[in-house]
Amino acid sequence: AQSVSQHNHHVILSEAASLELGCNYSYGGTVNLFWYVQYPGQHLQLLLKYFSGDPLVKGIKGFEAEFIKSKFSFNLRKPSVQWSDTAEYFCAVNRAGTASKLTFGTGTRLQVTL
Amino acid sequence: EAGVAQSPRYKIIEKRQSVAFWCNPISGHATLYWYQQILGQGPKLLIQFQNNGVVDDSQLPKDRFSAERLKGVDSTLKIQPAKLEDSAVYLCASSRDSGRSTDTQYFGPGTRLTVL
Chain A
1 AQSVSQHNHH VILSEAASLE LGCNYSYGGT VNLFWYVQYP GQHLQLLLKY FSGDPLVKGI
61 KGFEAEFIKS KFSFNLRKPS VQWSDTAEYF CAVNRAGTAS KLTFGTGTRL QVTL
Chain B
1001 EAGVAQSPRY KIIEKRQSVA FWCNPISGHA TLYWYQQILG QGPKLLIQFQ NNGVVDDSQL
1061 PKDRFSAERL KGVDSTLKIQ PAKLEDSAVY LCASSRDSGR STDTQYFGPG TRLTVL
């Protein structure tokens, strides 16, 4: 079974700082990778996803993630965070193919200070 | 378009009582998911429906949890009897296509269950 590790549980940054959140997965086959975000008081929503092609994926609100197959990683990045990026971020993975369940990491709480 | 609807938003019960949660997915979405999110953890899939059939219920504690999706639209998740460790947020999600692994899942607001 696949698993996902998010090593940063709580990250505090000042506005305009650069962000990188780590995500590593364990599964030897072909995978799809996702980052979901939950803003305070809101639903979980998709930030970006990768399933094939260019390993550098761009999502909403200036976020991007890079799939590095050799490192089993899918780290999330943003060059300059804003206070409104304060949220909880979840990395998720599933096996490529039909009807494959999504496995989530434990999440990283990002707090951006003014 | 309207999002995934869930009710109730909050529920407090005593252990050994029963409880039911309701979910209405986005109109036209074929696949419906129920997740359990315990505090400090990521969501864990309990059951996945494709239309009104079960695709994956491998992590559903079937001795106490049950779910149905009659007519392939809305769904209910029931716990009977509840245990203290069932305290969690129960999330419902739906996706448009029939079980493609690349589908985006759209989540509802969740139901926060507290078992005393």
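In the order they appear, the protein sequences are chains A and B. Here the working numbering is used: the first residue of the first sequence is 1, the next is one more, and so on. Here the working numbering is used: the first residue of the second sequence is 1001, the next is one more, and so on. Note that the Cβ used here is the ideal one computed from N, Cα and C, for glycine as well.
Rounded to the nearest whole angstrom, the C-alpha separation of B/Ser1095 and B/Gly1028 is 9 angstroms. Looking at B/Asp1086, B/Pro1109, B/Phe1107 and B/Arg1100, the one whose alpha-carbon comes closest to that of B/Val1019 is B/Asp1086.
At a beta-carbon threshold of 9 angstroms, the residues of chain A lying near B/Leu1045 are Lys101, Leu102, Thr103 and Phe104, ordered along the chain. Taking 8 angstroms as the CB threshold, B/Ser1101 lines the interface with chain A.
Residue pairing by DSSP puts B/Lys1078 in a beta bridge opposite B/Ala1020 and B/Ser1066. Taking A/Tyr89 as reference, the option from A/Ser3, A/Pro55, A/Ala1 and A/His7 with the minimal CA-CA separation is A/His7.
For B/Gly1053, the uninterrupted beta strand (DSSP E) run begins and ends at Gly1053 to Asp1056, by DSSP.
Here B/Glu1085 carries a helix assignment [DSSP, helix/strand/coil].
Burial check for B/Leu1113: the Cβ neighbour count within 10 Å reaches 16 or more, so the residue is buried. Shown here, B/Lys1015 sits in coil according to DSSP, grouped into three states, outside any helix or strand. From the listed residues B/Leu1116, B/Tyr1106 and B/Thr1111, the smallest Cα separation to B/Pro1025 is found for B/Tyr1106. Around the Cβ of A/Ala16, a 10 Å sphere holds fewer than 16 other Cβ atoms; the residue is exposed.
In this structure, the straight-line span from the alpha carbon of A/Tyr27 to that of A/Leu102 is close to 13 angstroms.
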